[in-house]
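S.K.: Handing you a structure now.
In my numbering, the protein residues as written are 3 to 68.
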């Protein structure tokens, strides 16, 4: 298993860093859950706006070029 992970992600140090960041992120999320839930609607709105901007670059936009 360790060999397969290191083949995908690079070095064992990368695997350890990703695992450490996941643990730190989970700990912060558990401690500050109220802040995350309060900020979630704004993140959803920002995500929609960013996706809207990127979707116009690919796929022809609103179809004005027909």
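Built from N, CA and C at the ideal position, the CB exists for glycine as well. If you're wondering where the values come from, they're calculated on a predicted model, not measured in any experiment.
How close, in whole Å, do the beta carbons of residue 11 and residue 20 come, if the pair is a contact with beta carbons under 8 Å?
M.R.: As a first step, residue 11 is located in the chain shown; it is residue number 9 there, counting from the start. As a first step, residue 20 is located in the chain shown; it is residue number 18 there, counting from the start. Sure, about 7 Å apart at Cβ, within 8 Å.
S.K.: Straight-line CA distance for residue 45 to residue 22?
M.R.: As a first step, residue 45 must be located in the chain shown, where it is residue number 43. As a first step, residue 22 must be located in the chain shown, where it is residue number 20. In a straight line, the C-alpha of residue 45 is about 25 Å away from that of residue 22.
S.K.: Let's see if you can read the secondary structure: which residues bound the alpha helix (DSSP H) around residue 22?
M.R.: Mapped onto the chain shown, residue 22 falls at position 20. 14 to 33 is the extent of the alpha helix (DSSP H) around residue 22.
S.K.: By how many angstroms is the C-alpha of residue 57 removed from the C-alpha of residue 40?
M.R.: The residue given as residue 40 occupies position 38 in the chain shown. The residue given as residue 57 occupies position 55 in the chain shown. Each residue's alpha carbon lies about 27 Å from the other.
S.K.: Measure the alpha-carbon distance for residue 28 versus residue 18 and round it to whole angstroms.
M.R.: The residue you call residue 28 lines up with position 26 of the chain shown. The residue you call residue 18 lines up with position 16 of the chain shown. Answer to the nearest angstrom: the Cα atoms are 15 Å apart.
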